[in-house]
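Visitor: Counting in our numbering, the sequence shown runs without a single skipped number right up to 183 at its last residue.
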Amino acid sequence: MLSRVAQNLYWLARYVERAEDTARLIGVTSNLLLDLPRTAGAAEWEPLIYITGSHEAFREHFTRPDEVSIVSFLTGDLRNSGSILSSLVYFEAYCKECESRSDEDAKVHRMLYERSARARMLLEDGLERLLEHEDVRV
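1. Quick one, which of A102, L119, R49, F103 has its alpha-carbon nearest E65's?
2. Could you check whether S126 and V61 sit closer than 9 Å to each other, using their CB atoms as the reference points?
3. Keeping to the same chain, check which residues put their C-beta closer than 8 Å to that of L77; ignore five residues upstream and five downstream.
4. Mind checking whether I129 and A68 have CB atoms under 9 Å apart?
5. With 16 other CB atoms within 10 Å as the buried threshold, where does E105 fall?
6. Once you ignore the five residues that flank F26 on each side, which residues in its own chain have a CB closer than 7 Å to its CB?
7. Does the Cβ of P110 have 16 or more other Cβ atoms within 10 Å, making it buried, or fewer, making it exposed?
8. Please report the distance separating the alpha-carbon of H178 from that of L172.
9. Looking only at its chain, what residues have a beta carbon closer than 6 Å to the beta carbon of P92, apart from the 5 residues adjacent to it on each side?
10. Thinking just about the alpha-carbon of each residue, which of S99, L168, L70, Y139 is nearest to the one in R155?
11. How big is the Cα-Cα spacing for R83 and D180?
12. Out of Y158, D150, L79, which one is the CA nearest neighbour of A51?
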């Protein structure tokens, strides 16, 4: 029983931590760029795809590393297993899987599943609106 609980906690925490770390990198970079000239933007975003270890996957789908493509790849691109959206999807799927393991777990995992699904939908909606506002086609 304890090893199962530990495994559940490990995977759930891993997905949350990955999403949080990616969001923090984007936030710090955004704040940094507020103090720099507007022309500095593209060069300042590129290190994020290397920091997250997703540069090879990024190069498979994008030809040039600009702010919009990097931020969209790191936040809402399901082709990037480390994106915030992917982490939410993995978290959601793992909660759904754990929900059926025991009656004790069912209530907690159902609540986690529902909340992560809601967070994922809000993120998807926000990203769609942002891309539409910026007139970006992905």
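Glycine is no exception: its CB is placed at the ideal position from the N, C-alpha and C atoms.
Guide: Quick look at the numbers:
1. For the purposes of this step, residue 65 is taken as the residue at position 20 of the sequence shown. Of the listed residues, the one whose Cα sits closest to E65 is L119.
2. Counted from its first residue, the sequence shown places residue 61 at position 16. Counted from its first residue, the sequence shown places residue 126 at position 81. No, Cβ-Cβ distance for V61 and S126 is not below 9 Å.
3. For the purposes of this step, residue 77 is taken as the residue at position 32 of the sequence shown. Taken in chain order, the residues that qualify are E89.
4. Along the sequence shown, read from residue 1 onward, the residue named residue 129 stands at position 84. Along the sequence shown, read from residue 1 onward, the residue named residue 68 stands at position 23. The answer is yes: Cβ separation under 9 Å.
5. Translated into the one-based positions of the sequence shown, residue 105 becomes position 60. E105 should be labelled exposed.
6. The first residue shown for the chain is 46 and the last is 183, placing residue 26 beyond what the model contains.
7. Here the question's residue 110 lines up with position 65 in the sequence shown. Per the 10 Å Cβ criterion, buried.
8. The residue you call residue 178 lines up with position 133 of the sequence shown. The residue you call residue 172 lines up with position 127 of the sequence shown. Answer to the nearest angstrom: the Cα atoms are 10 Å apart.
9. Start at 1 with the first residue of the sequence shown, and residue 92 comes out as number 47. There are no such residues.
10. Numbered from its first residue, the sequence shown carries residue 155 at position 110. Per the C-alpha coordinates, the member of S99, L168, L70, Y139 positioned closest to R155 is Y139.
11. For the purposes of this step, residue 83 is taken as residue 38 along the sequence shown, with counting starting at 1. For the purposes of this step, residue 180 is taken as residue 135 along the sequence shown, with counting starting at 1. The straight-line gap from Cα to Cα measures roughly 19 Å.
12. Locating residue 51 in the sequence shown gives position 6, where the first residue counts as 1. The option with the nearest alpha carbon to A51 is D150.
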